[in-house]
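Colleague: Going by the numbering used here, the sequence shown opens with residue -15, and the numbers climb by one from there.
Using N, Cα and C, we set each Cβ at its ideal position, and we do this for glycine too.
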Amino acid sequence: MEKNVLASTIIEKVGGKENVKSVTHCMTRLRFILNDINMANQDEIKALDDIMGVVYKGGQLQLIIGPQVTDIYDEVMKIIPMIEDEKVVNEIKEENIKKDFKYYLNEIMGTLAGCMTPMIPVLLCMGICKAIVAVLGPQLMGVLSETDSLYVLFTFVGDAGLYFIPIYVGYTAAKKFGMNELMGMFLGAILIHPTLIQMATDGTKFNVYGIPASVQNYSSSIIPIILTIWVASYVEKFFKKYTPDVLKVFGIPLGTLLIMLPLELCLFGPLGAFIGEYICQGIIGLYDIAGPLAVGIVGATFGLLVLTGMHTVLMAFLFMTFPMIGYDGFIIPAIMACSYAGAGVTLACMLKFKDKKKKQLTLGYFVTWLFGGVGEPMLYGLNIPYRTPLYAGMISGFLAGVVTGLLGLKAYVPSPSNGLYILPAFLGGPQSNYIVLVISLVISVVIGFVVMWFMKLDESLVK
């Protein structure tokens, strides 16, 4: 199906452009927030040849499309240009939604995912820059010294991906909450201004309008800016509603800023840092207590998180813990173990299939995962339809995760990805970590292959 035709069909089947509140995309999914989910015909969307799957989670209708999702997104945006300053956004109809603990948990997780998903390109570029430094620098090949311009260049470019996260999330959160994106970036930039960071370093006392502020270094943080933008979106709406037309040009942004300065620096910044610290301690504590078992649990369940589209929430947790300890021995190693165990499962299925077409399709899934960094074709084309590969992936993901945890594999670049693109995350540490990485990769693939080899693969489930 032509891309423009597919985009028009998708819009029609989600209830028309009037039913679309916002649209975003990640590496493989088109993510809609709709005014009324009941108007979307999910069964008809699933039946489209170009759609690998449909998930409704965290308030998002997620269409799994694959690497060409960017092109489809561009076509969709031609039909429904999301100009927030001019568009009147309808509130989601919630009269039939039960607002229990599960509802609010989904909303929180959906918000974190919505804020972190658009950052994936930044993370990938950051990881590659860090990998170049690690491979060519004195830690490995020694081609570049620490004073060489190329080494310095890719070092600070890679660091910029992590350091300026409050600005990036300021933009993505503003888009998520329907606020002016540049104002969101501005509020994020305030949190990492050199003057504020210097005051935090020196322990200088500071106040905003006479209100004492707990000055902290918010670089690489996400919770403070998400809380700030969430509240700022309501403040901005207030000024949009009550500011006279003749004053709106400067009245809306200035009014929002003046109200948010004490709230950001005196309340939500410190509160977000407090929440983030306790989340960090909880995650680190889980790993300290359970160790390899915790890595195994994430390895077993990561595929399920991908199926629900909530795997990007792990990125939020990762960005809380990584700046604190400088590496990750938990989440990224678990993702790697799950990913490569799943590849072993796929290779076993390719050999077990008797139908040549199914063998070719399965090989295509593997190649797409390895070189494209996209695992959804394996999940939706193989694991879900044939069932046992999904179970094999969970079992082998757990076993591979436990082994990886026991070996002590660590990631030194916060770049969770897939296929070959997850490997740069493990560069930059001691050379012994590279040996552990190779062993972990081989063991994960072998475990996945062996587990699937001894499980039944019913080819009759999919004709």
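1. Give a yes or no on whether the C-beta atoms belonging to V39 and K30 are separated by under 8 Å.
2. Alpha carbon to alpha carbon, how far is V397 from S204? Give it in angstroms, no decimals.
3. Are P122 and S129 close, meaning C-beta to C-beta below 8 Å?
4. From this set, G287, L390, K343 and L425, which residue's C-alpha is nearest G359's C-alpha?
5. So, is K(-3) buried or exposed, given that buried needs 16 or more other C-beta atoms within 10 angstroms?
6. Between K77 and Y364, what straight-line distance do the alpha-carbon atoms span, to the nearest angstrom?
7. Is F355 near G413, with beta carbons less than 8 Å apart?
8. From what residue to what residue does the alpha helix (DSSP H) around P237 run?
9. For a test of the three-state rule: what should DSSP assign to K440, helix, strand or coil?
10. Below 7 Å, is the gap between the Cβ of A321 and the nearest heavy atom of the ligand SAM?
11. With DSSP run on the structure shown, which of helix, strand or coil describes S380?
12. Going by beta carbon distance, what residues of the same chain come within less than 6 Å of K225, once the five residues before and after it are set aside?
13. Count the C-beta pairs between the stretch 182 to 200 and the stretch 143 to 155 that are closer than 8 Å, then say yes if the count reaches three, no if not.
14. Helix, strand or coil: how does DSSP classify F337 here?
15. Grab me the residues of A284's own chain with a C-beta within less than 7 Å of its C-beta, minus the 5 sequence neighbours each way, in chain order.
16. Taking the beta carbon of I273 as the centre, do at least 16 other beta carbons fall within 10 Å, making it buried, or is it exposed?
17. Round the Cβ separation of L331 and F350 to the nearest angstrom and send it over; I've been treating them as touching at under 8 Å.
18. V430: which of N3, G326 and A97 sits nearest, CA to CA?
19. Going straight from the alpha carbon of I423 to that of I281, what length do you get?
20. Leaving out five residues on either side along the sequence, give the residues of the same chain with a beta carbon under 6 Å from the beta carbon of G313.
21. Using only CA atoms, which one of P228, M169 and N191 lies nearest to I213?
22. Give the DSSP-derived three-state secondary structure of Y147 in the structure shown.
23. For V4, which beta-bridge partners are listed by DSSP?
24. Going by DSSP in three states, E165 sits in which element: helix, strand or coil?
25. With DSSP as the reference, please indicate the residues paired to L47 in a beta bridge.
26. Can you tell me whether DSSP reads P398 as helix, strand or coil?
Modeller: Looking at the atomic coordinates:
1. no
2. 13 Å
3. yes
4. G287
5. buried
6. Interpretation of K77 is limited by its pLDDT of 43, a score under 50 that renders its predicted location unreliable; no figure is taken from the coordinates.
7. no
8. K232 to P246
9. coil
10. No copy of the ligand SAM appears in this structure; indeed no ligand is present at all.
11. helix
12. none
13. no
14. coil
15. M378, G381, F382 and G385
16. exposed
17. 6 Å
18. G326
19. 20 Å
20. K394
21. M169
22. helix
23. L18
24. helix
25. L14 and V38
26. coil
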